[in-house]
Ligand SMILES: Cc1ncc(C[n+]2csc(CCOP(=O)(O)OP(=O)(O)O)c2C)c(N)n1
Ligand SMILES: [Mg+2]
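Printed below as a string of structure tokens:
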């Protein structure tokens, strides 16, 4: 259920195709692949096999999976350093991602991007970005290109509550609305910019409230509910495809682990109680029990889905471990296009 915070130009009942049983099971598989992969990425990070920084989106899976279920070939996505979930939701192979995490030549960026810079042009993934607010202008440009070339493709821009304070976001939002560009700005509002609570970095509660100021609809959705995200994204994306311009879609969500992918750092910026409260709305557990209630997935089927996800990840880690590092003379390959 989206809220009624659509202040202008209401989305007039754009029908979103219902999800088939197979599509719902694929969504569950995708969320499980993300969560289990990220659990392993954290272990690899702690073992110093994933270098640099790694930012996990565990807890935020439904945002990426719900939106990705609406996208089609030729659509593009920009995301942030917290981008594993977007890549996997878009269909990146777990092998290519794990190898990239470990800096191996078989990774999606030949081992030269790492956790914060995953991209894949075939999937339309224009890249994760370490610059907070780096994605919106790129997505706006991709949307401009879609419109200029008269395609019906859409650009989708994932960013955080913190990024919604950056000038780059405001400029991109303004221009996208002015030119009615086919872009959907998806704010994954997890309540924190690094270790700063939202209330300490902006004077509003709902980022979607900023949308009317640019002349686009702002929609709020429960980011822990994959079907709600699918439906809200479905409307926004259909509107963008039909020439109706951009939407700011705010997904209320939460990251279970700290800003950088470790848990239990003993940081005091949020309480254990708060984390536990959000876990009660866990997107995977919630969706799984709904599928059980709807007789889409039995307990036995669910077990099988879990086991398959774990086996695929173990296989991907083995693949990554066995893969070579890039050769030194490949250093300057793929750097410039
Ligand atoms: C331009 C810029 N300013 C500051 C930083 C440091 N920084 C990295 S992540 C982050 C917080 C961003 O929070 P948010 O947009 O809510 O995304 P989240 O990490 O919650 O997914 C900051 C300030 C940066 N990487 N880039
Ligand atoms: Mg945030």
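Numbering (this note's numbering), first residue to last: 10 to 346. Cβ coordinates follow ideal geometry from the N, Cα and C atoms, glycine included. On a predicted model such as this, the values are computed, not experimentally measured, just so you know.
Since residue 198 sits in a beta bridge, which residues does DSSP pair it with? Your numbering for residue 198 matches position 189 in the chain shown. 261, per the DSSP bridge assignment.
Can you check DSSP and say which residues form a bridge with residue 232? In the chain shown, the residue the question calls residue 232 occupies position 223. Among the bridge pairs identified by DSSP, residue 232 is matched with none.
Mapping the DSSP letters down to three states, classify residue 362 as helix, strand or coil. An answer regarding residue 362 cannot be provided, because it is not within the stretch 10 to 346 covered by the chain.
Taking only three categories from DSSP, how would you classify residue 135? The residue given as residue 135 occupies position 126 in the chain shown. Three-state result, residue 135: strand.
Residue 308 to residue 49, Cα distance in whole Å? The residue given as residue 308 occupies position 299 in the chain shown. The residue given as residue 49 occupies position 40 in the chain shown. Between residue 308 and residue 49, the alpha-carbon positions lie close to 24 angstroms from each other.
Does residue 350 pass the burial test, meaning 16 or more other C-beta atoms within 10 Å, or should it be called exposed? Since the displayed the chain opens at 10 and closes at 346, residue 350 lies outside it and no answer follows.
Within 8 angstroms, do at least three Cβ pairs link the stretch 237–255 to the stretch 176–192? The stretch 176–192 is in contact with the stretch 237–255.
Mapping DSSP to helix, strand and coil, what is residue 332? Numbered from its first residue, the chain shown carries residue 332 at position 323. If DSSP states are grouped into helix, strand and coil, residue 332 belongs with coil.
To the nearest angstrom, how far is it from the Cα of residue 319 to the Cα of residue 45? Working through the chain shown from its first residue, we reach residue 319 at position 310. Working through the chain shown from its first residue, we reach residue 45 at position 36. Between the alpha carbons of residue 319 and residue 45 lies a distance of about 7 angstroms.
Nearest-angstrom Cα distance between residue 156 and residue 100? Indexing the chain shown from 1 puts residue 156 at position 147. Indexing the chain shown from 1 puts residue 100 at position 91. Distance between the alpha carbons of residue 156 and residue 100 is about 25 angstroms.
Are at least three pairs of beta-carbons, each pair with one atom in the stretch 151–165 and one in the stretch 200–216, less than 8 angstroms apart? With the cut-off at 8 angstroms, the stretch 151–165 and the stretch 200–216 do not touch.
Range of the contiguous beta strand (DSSP E) that encloses residue 164: One-based indexing of the chain shown puts residue 164 at position 155. 164–169 is the span of the beta strand (DSSP E), which, as asked, contains residue 164.
Closer than 8 angstroms by C-beta to residue 97: which residues in its own chain qualify, once you throw out the five before and the five after it? Chain order, please. On the chain shown, position 88 is the one that residue 97 refers to. So the qualifying residues of the chain are 39, 42, 43, 46, 73, 103, 106.
I need the DSSP call for residue 129, collapsed to helix, strand or coil. Reading the chain shown from its first residue, position 120 is the one you call residue 129. Collapsing the DSSP output to three states places residue 129 in a strand.
Cβ-heavy atom distance, residue 343 to ligand 2, below 8 angstroms: The residue you call residue 343 lines up with position 334 of the chain shown. Distances taken from the Cβ of residue 343 to the heavy atoms of ligand 2 include none shorter than 8 angstroms.
Nearest to residue 270 (by Cα), restricted to the options 31, 33, 62: Here residue 270 refers to the residue found at position 261 when the chain shown is read from its first residue. Nearest neighbour of residue 270 by Cα position, chosen from 31, 33, 62, turns out to be 62.
Where residue 113 and residue 139 are concerned, what is the direct C-alpha to C-alpha distance, given to the nearest angstrom? Looking up residue 113 in the chain shown gives position 104. Looking up residue 139 in the chain shown gives position 130. Put simply, the backbone Cα of residue 113 is about 20 angstroms away from that of residue 139.
Would you mind stating whether residue 125 and residue 137 have Cβ atoms separated by less than 9 angstroms? Along the chain shown, one-based indexing puts residue 125 at 116. Along the chain shown, one-based indexing puts residue 137 at 128. Taking 9 angstroms as the Cβ cut-off, residue 125 and residue 137 qualify as a contacting pair.
Continuous alpha helix (DSSP H) stretch holding residue 86: start and end: If you number the chain shown from 1, residue 86 lands on position 77. Careful: residue 86 lies outside any alpha helix (DSSP H), inside the beta strand (DSSP E) at 85–87.
Using a Cβ-based criterion (distance less than 8 angstroms to any ligand heavy atom), does residue 199 qualify as near ligand 1? Against the chain shown, residue 199 aligns to sequence position 190. Within the chosen limit of 8 angstroms, ligand 1 reaches the beta carbon of residue 199 through at least one heavy atom.
Excluding sequence positions up to five away, which residues of its chain have a Cβ less than 6 angstroms from the Cβ of residue 181? By 1-based counting over the chain shown, the position of residue 181 is 172. Closer than 6 angstroms at the Cβ level, and outside the excluded window around residue 181, lie 145, 146, 149.
Between the stretch 83–92 and the stretch 49–60, are three or more C-beta pairs nearer than 8 angstroms? No, the stretch 83–92 does not touch the stretch 49–60.
Express the C-alpha separation of residue 250 and residue 161 in angstroms, rounding to a whole number. As a position in the chain shown, residue 161 is number 152, starting the count at 1. As a position in the chain shown, residue 250 is number 241, starting the count at 1. Looking at the backbone, the Cα of residue 161 and that of residue 250 are separated by about 5 angstroms.
What residues in its chain sit with their C-beta under 8 angstroms from that of residue 82, if we drop five residues either side in the sequence? What you label residue 82 is simply residue 73 of the chain shown in a count that begins at 1. Take residue 82, set aside five residues on each side of it, and the residues of its chain with a beta-carbon closer than 8 angstroms to its own are 133, in chain order.
Could you check which residue in 246, 127, 171, 165 has the C-alpha nearest to that of residue 208? On the chain shown, residue 208 is found 199 positions in, with the first residue counted as 1. Cα-wise, what sits closest to residue 208 is 171.
Just to check, is the beta-carbon of residue 266 closer than 8 angstroms to a non-hydrogen atom of ligand 1? In the chain shown, counting from the first residue as 1, residue 266 sits at position 257. Residue 266: no, Cβ never under 8 angstroms from ligand 1.
Less than 6 angstroms between C-beta atoms, sequence neighbours within five positions excluded: which residues of the same chain meet that for residue 79? In the chain shown, counting from the first residue as 1, residue 79 sits at position 70. Excluding residues within five positions, the ones whose Cβ falls inside 6 angstroms are 242, 243, 246.
DSSP state of residue 193 mapped onto helix, strand, coil: Locating residue 193 in the chain shown gives position 184, counting from the first residue. Residue 193 carries a strand assignment under DSSP once its states are collapsed to helix, strand and coil.
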